[in-house]
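Here's the structure we're looking at; comments come further down.
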Amino acid sequence: MIAQEIATPPIDITTIESRWGDEDRLGHINNVVYFRYFEETRVRLFEQLFGDNYRQTASSPVLVHSAASYLKPLHYPSSAIIKSWLHQSGNTSLTLYHQLFDSQSSALCTVAEVKLVWINLNSGQSSPLPPAIKAWAEQQTRVDIPR
434 MIAQEIATPP IDITTIESRW GDEDRLGHIN NVVYFRYFEE TRVRLFEQLF GDNYRQTASS
494 PVLVHSAASY LKPLHYPSSA IIKSWLHQSG NTSLTLYHQL FDSQSSALCT VAEVKLVWIN
554 LNSGQSSPLP PAIKAWAEQQ TRVDIPR
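With the sequence shown counted from 1, adding 433 to any position gets you this note's numbering.
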């Protein structure tokens with residue numbers, strides 16, 4: 434993945450405050466923490482769009498792929514501004530693209546791609562997207578991930 438401006442408006446913009454404990458020995462936000470920020474972004478997005486309903490079904494999203502490219506460090510104290518786009522949707526999955534910016538400098542710090550697959554909670558097998566999520570995904574503009 435490469436850093437590139439995306440002309441399509443994001444489906445979501447989330448701000449997350451860094452915490453002192455997010456720092457590593459080098460004085461910047463640890464690379465593992467970025468994935469927690471992206472996870473929090475997805476949870477907030479789904480709750481905003483679907484309320485608690487997306488958690489109260491017989492299926493649930495699980496993360497099956499994640500990749501990130503780190504471009505610039507993020508330091509404490511700061512806020513991460515995360516912009517998200519829909520890259521692909523399938524019968525059982527969504528792939529999202531995230532860009533994380535430093536709120537103080539507006540610098541693009543990290544780009545990430547994540548794929549979620551819905552599974553049946555009883556069988557553990559993949560399951561079709563819930564109707565509300567499928568309908569939402571069909572209305573979104575998809576973006577190509579810069580490579």
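From the three backbone atoms N, C-alpha and C, an ideal C-beta is built for every residue, glycine too. Keep in mind the model is a prediction, meaning the values are calculated, not measured.
Quick check on Ser-492: buried or exposed, where buried means 16 or more other Cβ atoms within 10 Å of its Cβ? So Ser-492 ends up on the buried side.
If you check the beta carbons only, do Ser-538 and Thr-448 fall under 7 angstroms apart? Cβ distance not < 7 angstroms, so Ser-538 and Thr-448 don't count as in contact.
Decide if Ser-517 is buried, meaning its Cβ has at least 16 other Cβ atoms within 10 Å, or exposed. It counts as buried.
Any contact between the region 454-469 and the region 517-528? By contact I mean 3 or more CB pairs, one from each, below 8 angstroms. The answer is no - the region 517-528 does not touch the region 454-469, with fewer than three Cβ pairs under 8 angstroms.
To the nearest angstrom, how far is the alpha carbon of Thr-441 from that of Tyr-530? Each residue's alpha carbon lies about 12 angstroms from the other.
Can you check the region 459-484 for any alpha helix (DSSP H) of at least 4 residues that lies completely inside it and give the ranges in chain order? With a minimum length of 4 residues, the continuous alpha helix (DSSP H) runs that stay inside the region 459-484 are 464-483.
Of the choices Gln-558, Leu-533, Val-476, Arg-475, whose alpha-carbon is the least far from that of Ala-501? Ranking Gln-558, Leu-533, Val-476, Arg-475 by Cα distance to Ala-501 puts Leu-533 first.
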